[in-house]
Amino acid sequence: TYSLYLQLYNYIAPASLFRYCLLGKGAVVRPPGKRYTKGFHFIPMSIGNYVSIGEHSVVEAAEIGSYVMIGKNCVISPLCMIRDCCEIVDGSVLAPGTVVPPFSKYGGVPAKFICELPGCASDMIKDYLVEKYKNFQPR
Numbered sequence: 001t002y003s004l005y006l007q008l009y010n011y012i013a014p015a016s017l018f019r020y021c022l023l024g025k026g027a028v029v030r031p032p033g034k035r036y037t038k039g040f041h042f043i044p045m046s047i048g049n050y051v052s053i054g055e056h057s058v059v060e061a062a063e064i065g066s067y068v069m070i071g072k073n074c075v076i077s078p079l080c081m082i083r084d085c086c087e088i089v090d091g092s093v094l095a096p097g098t099v100v101p102p103f104s105k106y107g108g109v110p111a112k113f114i115c116e117l118p119g120c121a122s123d124m125i126k127d128y129l130v131e132k133y134k135n136f137q138p139r
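Numbering (this note's numbering), first residue to last: 1 to 139.
Spelled out as structure tokens, the structure:
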């Protein structure tokens, strides 16, 4: 679902989005870049199935796994890797290069581990996003 103010920078480098990805209003999704002595290189970005990116969040992660919820006003810094079944709470800032392990909840500035998610987190996230898609009404 693409909102009115979404900025998807897939012309810079490949950005793969899979099934049931919900991108909030004002979200910015751009591939991360890396500076080398001979120039600058953009790294391809991959976003898995059943991912929700909240309103006004900026995402420059190298990889986002499946069943991931990113809250509103979050900043996912370059080269972060968010594994499967994770939650990033509203207003969080992940430091560059952070690796979020599976079934983790992160939050704060800078974002730190809060708690472990239950084993049924993937089913809960999947059900939530499928329901959002079923109830989608274009404006």
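All C-beta atoms, glycine included, are put in the ideal place defined by N, C-alpha and C. Keep in mind that this is a model prediction, so the values were computed, not measured.
According to DSSP, residue pairing for Lys105 in a beta bridge involves Glu87 and Cys115. Straight through space, the alpha carbons of Asp90 and Ile70 are spaced by roughly 7 Å. Going by C-alpha positions, Asn135 is about 33 Å away from Lys112. When Met124, Asp123, Ala121 and Gly97 are compared, the shortest CA-CA separation from Ala62 is found for Gly97. Apart from sequence neighbours up to five positions away, the residues of its chain that approach Tyr50 with a beta-carbon distance below 6 Å are Tyr20, Ser66, Tyr67, Ile125, Lys126 and Leu129, ordered along the chain. Boundaries of the alpha helix (DSSP H) harbouring Tyr128: Ala121 to Lys134, taken from the DSSP string.
Put simply, the backbone Cα of Phe40 is about 14 Å away from that of Pro78. Counting every other CB atom within 10 Å of its CB across the protein chains shown gives Glu116 a total below 16, marking it as exposed. Judged by beta-carbon spacing, Gly54 lies beyond the 7 Å limit of Lys38, meaning their Cβ atoms are not closer than that value. In this structure, DSSP gives Tyr36 an extended state, which the three-state scheme calls strand. Only buried fits Pro32, as 16 or more other CB atoms lie within 10 angstroms of its CB.
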